[in-house]
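Just so we're aligned, residue 162 is where the sequence shown starts under the numbering used here, counting upward by one.
Take a look at the structure below.
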Amino acid sequence: MASGVFDIIHLGHIHYLRESRKLGDVLVVVVARDSTAEKRGKAPIFNEDMRLKLVSELKPVDQAILGHHGDMFRTVAEVKPDIITLGHDQNFDPQYIKQRCDEMGLDVKVQRISKYTSEQFESSSEVRKKLLEIIEGSL
162 MASGVFDIIH LGHIHYLRES RKLGDVLVVV VARDSTAEKR GKAPIFNEDM RLKLVSELKP
222 VDQAILGHHG DMFRTVAEVK PDIITLGHDQ NFDPQYIKQR CDEMGLDVKV QRISKYTSEQ
282 FESSSEVRKK LLEIIEGSL
């Protein structure tokens with residue numbers, strides 16, 4: 162199971178999903194709700210339904226679902242994954258996730274996926290910044 166906002170899809174997302182897919186037989190991707198992304202200070206450009214459709218069309222993804230409002234562990238309880246992958250920039254504590262899963266009776270491995278390195282656009286934030294520079298430069 163992988164998760165994220167997946168607002169502006171870029172090669173870092175593809176790397177994260179490909180590497181996540183290699184770790185198991187089926188990759189379920191949890192797309193963050195708009196409200197969850199906004200709470201973390203990153204209001205998405207694309208709404209949750211559009212992001213869900215985009216992610217579901219990606220080759221490494223077997224199933225894409227929307228996360229629950231507020232409690233990510235409700236989604237974990239429903240999916241019952243064997244593996245939860247974290248992106249290099251996701252601010253989740255792997256030990257805490259493992260502990261909560263153990264408390265729920267789930268034997269889950271938590272693994273952080275390496276950072277994708279590129280000469281351009283390693284994050285959606287970088288894409289947004291560049292777009293703003295282009296727009297402001299044309300005004």
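For glycine and all other residues, C-beta sits at the position ideal for the given N, C-alpha and C.
**OP:** Take H229 and list the residues in its own chain whose beta-carbon comes closer than 7 Å to its own, dropping the five residues that flank it on each side.
**Re:** Counted from its first residue, the sequence shown places residue 229 at position 68. Taking C-beta separations shorter than 7 Å and ignoring five residues to either side along the sequence, the partners of H229 in its chain run R235, T236, following chain order.
**OP:** May I have the straight-line CA-CA distance separating L219 from E264, to the nearest angstrom?
**Re:** As a first step, residue 219 is located in the sequence shown; it is residue number 58 there, counting from the start. As a first step, residue 264 is located in the sequence shown; it is residue number 103 there, counting from the start. Computed Cα separation, rounded: 33 Å.
Original post:
Between the segment 270-281 and the segment 168-188, are three or more C-beta pairs nearer than 8 Å?
Top reply: In short, these stretches touch, since the Cβ pair count reaches three.
Original post:
Under a three-way DSSP split, which group does K276 fall into?
Top reply: Within the sequence shown, numbered from 1, the residue matching residue 276 stands at position 115. Residue state, collapsed to three classes: coil.
Original post:
Taking the continuous beta strand (DSSP E) assigned at G202, which residues delimit it?
Top reply: What you label residue 202 is simply residue 41 of the sequence shown in a count that begins at 1. It is not in any beta strand (DSSP E) - G202 carries neither H nor E in the DSSP assignment.
Subject >> Alpha carbon of G185 to alpha carbon of S164, nearest angstrom >> reply: On the sequence shown, residue 185 is found 24 positions in, with the first residue counted as 1. On the sequence shown, residue 164 is found 3 positions in, with the first residue counted as 1. When the Cα atoms are used, G185 and S164 turn out to be separated by approximately 15 Å.
Subject >> For L188 and P221, believed in contact at Cβ under 8 Å, the rounded distance >> reply: Mapped onto the sequence shown, residue 221 falls at position 60. Mapped onto the sequence shown, residue 188 falls at position 27. The beta-carbon distance between P221 and L188, rounded to whole angstroms, is 6 Å. This is short enough to meet the 8 Å contact definition.
**OP:** Give a yes or no on whether the C-beta atoms belonging to M211 and V191 are separated by under 8 Å.
**Re:** The residue given as residue 211 occupies position 50 in the sequence shown. The residue given as residue 191 occupies position 30 in the sequence shown. Cβ atoms of M211 and V191: not closer than 8 Å.
Original post:
How would you call I274, buried or exposed, if buried means at least 16 neighbouring beta carbons within 10 angstroms?
Top reply: Here residue 274 corresponds to residue number 113 of the sequence shown, with the count starting at 1. Classification for I274: buried.
Subject >> Cβ separation of F167 and V216, assumed to be a contact under 8 Å, to the nearest whole Å >> reply: For the purposes of this step, residue 167 is identified with residue 6 of the sequence shown, where counting begins at 1. For the purposes of this step, residue 216 is identified with residue 55 of the sequence shown, where counting begins at 1. Confirmed, about 5 Å.
Subject >> Nonlocal neighbours in the same chain, by C-beta distance under 7 Å from S196, ignoring five residues either side >> reply: Against the sequence shown, residue 196 aligns to sequence position 35. So the list reads H230, once near-sequence residues are dropped.
Subject >> Secondary structure of I226, DSSP reduced to three states >> reply: Here residue 226 refers to the residue found at position 65 of the sequence shown. When secondary structure is reduced to three states using DSSP, I226 falls in the strand class.
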